[in-house]
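Working notes, structure below.
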Amino acid sequence: MEFETKKKFKAELRSFFGLTILNLVIGGIILALGMSLAITNVLGIIETGQIALIPIVQIGLGIAAIAAGFYWIIQIAEIMDGVDEIQTTFDEVGEGDGEKATSLIIKMMAHYRSNKTTISRMIVLGRIGGVLFLIAGAVGMINAGASIAASGILTENIGQLVGGLTAFGVGVAGLLISRYFSLYSRVWDARLQETAKVEDALEHEMGAN
Amino acid sequence: MKGRRTSFEIYWEILVYCREPRTFTNIINRCDLNSKIGQLHLRFLVDKEYLQVMKDDEKTTYNTTPKAQEYITLFSKMYGTLFDNLPGFKL
Numbered sequence: 001m002e003f004e005t006k007k008k009f010k011a012e013l014r015s016f017f018g019l020t021i022l023n024l025v026i027g028g029i030i031l032a033l034g035m036s037l038a039i040t041n042v043l044g045i046i047e048t049g050q051i052a053l054i055p056i057v058q059i060g061l062g063i064a065a066i067a068a069g070f071y072w073i074i075q076i077a078e079i080m081d082g083v084d085e086i087q088t089t090f091d092e093v094g095e096g097d098g099e100k101a102t103s104l105i106i107k108m109m110a111h112y113r114s115n116k117t118t119i120s121r122m123i124v125l126g127r128i129g130g131v132l133f134l135i136a137g138a139v140g141m142i143n144a145g146a147s148i149a150a151s152g153i154l155t156e157n158i159g160q161l162v163g164g165l166t167a168f169g170v171g172v173a174g175l176l177i178s179r180y181f182s183l184y185s186r187v188w189d190a191r192l193q194e195t196a197k198v199e200d201a202l203e204h205e206m207g208a209n
Numbered sequence: 210m211k212g213r214r215t216s217f218e219i220y221w222e223i224l225v226y227c228r229e230p231r232t233f234t235n236i237i238n239r240c241d242l243n244s245k246i247g248q249l250h251l252r253f254l255v256d257k258e259y260l261q262v263m264k265d266d267e268k269t270t271y272n273t274t275p276k277a278q279e280y281i282t283l284f285s286k287m288y289g290t291l292f293d294n295l296p297g298f299k300l
């Protein structure tokens, strides 16, 4: 691999690895928020002994968030595993070790082909989740602001404000991750299309010989 | 790591690996192929004269021919150019 290509490959690998770690963190936060929402509402129902519609809806949302968080973490762990393996092998590639480097490009292409569907799903899920968390965060912050205006700064109001801010932050992160995956996916789709041209050239080469 | 490779990518891996004589088992293990697919690819490369079959006593080995070098070089060069465009973000 030429020095320039090697540099680009390294930069891209590092960015993608960073993106997968960020995703893992976001998956963990979604899981934690889901648990918090579900458990708080279950405890509320147990405490009051009354079953109202809103807590039931919130328990449902919490369970959905737990499931989405688990799914997210498992999927990203699989993607991360392959990238980590490529990164480890890349670190062992020395100068002038062109064929080992080409072999890594093949691995990376194969890894993308295998995970293309998951990455597309992440882009859609990231957008939907991002918007939902932004709305939930905004509602939480507005409610907290209204409570603070009405009854002053109380621990309960501060907790609500922090919850709203966290949800808003997760929403922004979800949208950003979706955007980054989308950029990554666009470049890789172009590369896959480019391989079709490469294959034509190779077929021509094989036919000529 | 298993992943979806194209036939051309597998050819390249086989040809590079067979620079030294290798047995069928060596090849399918190293290139992560099942024996049916391995047979098909090896037969194709032998037909193209990119691989030569050498029979020594009871052992059959495959060795890359000088003719395959053009394919290997062209493949490496073209795959290197795939990284000319980057996703445009850094983390």
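Taken in order, these protein sequences are the chains called A and B.
First residue of the first sequence? That's 1 in the numbering used here, and the numbers climb one at a time after it.
First residue of the second sequence? That's 210 in the numbering used here, and the numbers climb one at a time after it.
Beta carbons are placed, not taken as given, at the ideal position from N, Cα and C, and that holds for glycine.
These figures come from a predicted structure and were not determined experimentally.
Exercise. Leaving out the 5 sequence neighbours to the left and right, which residues in its chain are closer than 6 Å to Ala173 (chain A) when beta-carbon positions are compared?
Worked result: Excluding residues within five positions, the ones whose Cβ falls inside 6 Å are Ile26.
Problem set entry | Rounded distance between the beta-carbons of Tyr259 (chain B) and Thr273 (chain B), thought under 8 Å | Contact flag correct, Cβ pair sits at about 7 Å.
Exercise. Which residue spans inside the region 231-280 of chain B form an unbroken beta strand (DSSP E) run of at least 3?
Worked result: List check, beta strand (DSSP E) in window: 260-265 and 268-273.
Exercise. Start and end of the alpha helix (DSSP H) containing Arg113 (chain A)?
Worked result: Per DSSP, Arg113 (chain A) is one residue of the alpha helix (DSSP H) stretching across Gly98 to Ser151.
Exercise. Taking Cβ-Cβ distances below 7 Å as the criterion, which residues of the region 238-269 of chain B are in contact with chain A?
Worked result: Answer set for the region 238-269 of chain B: Lys257.
Problem set entry | Proximity test, Cβ basis, 8 Å: Gly98 (chain A) and chain B | Closer than 8 Å: yes.
For this session: Output yes or no for whether 8 Å exceeds the beta carbon distance between Ile123 (chain A) and Phe181 (chain A).
Result: In this structure, Ile123 (chain A) places its C-beta atom within 8 Å of the C-beta atom of Phe181 (chain A).
For this session: Please report how far the alpha carbon of Arg121 (chain A) lies from the alpha carbon of Asn23 (chain A), in whole angstroms.
Result: Cα to Cα, the separation comes out at about 13 Å.
Exercise. Alpha carbon to alpha carbon, what distance is there between Ile73 (chain A) and Glu47 (chain A)?
Worked result: Straight-line measurement puts the Cα of Ile73 (chain A) at about 33 Å from the Cα of Glu47 (chain A).
Exercise. From the beta carbon of Phe90 (chain A), is the nearest beta carbon of chain B less than 8 Å away?
Worked result: By this cut-off, Phe90 (chain A) is not an interface position.
For this session: Measure the CB-CB distance between Gly126 (chain A) and Leu175 (chain A) and report whether it falls below 8 Å.
Result: Their beta carbons are under 8 Å apart, which means Gly126 (chain A) touches Leu175 (chain A) by this criterion.
Problem set entry | Beta-carbon proximity list for Ile86 (chain A), same chain, < 8 Å, skipping 5 on both sides | Cβ neighbours of Ile86 (chain A) beyond the five flanking positions: Leu13, Leu104, Lys107, Met108 and His111.
Exercise. Quick check: the region 283-298 of chain B against the region 191-205 of chain A, are there 3 or more CB pairs under 8 Å?
Worked result: Short answer: they touch.
For this session: Reducing DSSP to helix, strand and coil, say where Gln50 (chain A) ends up.
Result: In this structure, Gln50 (chain A) counts as coil in the three-state DSSP scheme.
For this session: Given a cut-off of 8 Å, decide if Thr117 (chain A) and Ile79 (chain A) are closer than it, judged by their beta-carbon atoms.
Result: No; because the gap between Cβ atoms is not below 8 Å, this pair is not in contact.
Exercise. Run through DSSP, which three-state label would Asn41 (chain A) get?
Worked result: The three-state secondary structure of Asn41 (chain A), taken from DSSP, is helix.
Exercise. When you compare each of A:Lys7, A:Arg179, A:Ser178 and A:Val187 to Asp91 (chain A) by their alpha carbons, which one comes out closest?
Worked result: Ranking the options by Cα distance to Asp91 (chain A), first place goes to A:Lys7.
For this session: Answer yes or no: does any C-beta atom of chain B fall closer than 8 Å to that of Ile79 (chain A)?
Result: No - not a single Cβ of chain B is within 8 Å of the one on Ile79 (chain A).
Exercise. Taking Cβ positions only, does Val187 (chain A) come closer than 8 Å to chain B?
Worked result: Yes, contact with chain B.
Exercise. Could you give the C-beta distance for Tyr280 (chain B) and Glu99 (chain A), rounded to a whole number, given that I count them as a contact under 8 Å?
Worked result: With 8 Å as the limit, Tyr280 (chain B) and Glu99 (chain A) do not qualify as a contact, their Cβ atoms being about 13 Å apart.
Problem set entry | Cα-Cα separation between Leu43 (chain A) and Gly164 (chain A), rounded to whole angstroms | Straight across, the Cα-Cα distance linking Leu43 (chain A) with Gly164 (chain A) is about 20 Å.
Exercise. So, Leu31 (chain A) versus Gly82 (chain A), is the Cβ gap smaller than 8 Å?
Worked result: The answer is no: Cβ separation not under 8 Å.
Exercise. Taking the continuous alpha helix (DSSP H) assigned at Phe217 (chain B), which residues delimit it?
Worked result: That run of the alpha helix (DSSP H) goes Ser216 to Tyr226.
For this session: For chain B, find out if any of its Cβ atoms is closer than 8 Å to the Cβ of Val93 (chain A); answer yes or no.
Result: False, the Cβ-Cβ gap to chain B never drops below 8 Å.
Exercise. Would the beta-carbon of Ile66 (chain A) fall within 8 Å of that of Gly28 (chain A)?
Worked result: Their beta carbons are not under 8 Å apart, which means Ile66 (chain A) does not touch Gly28 (chain A) by this criterion.
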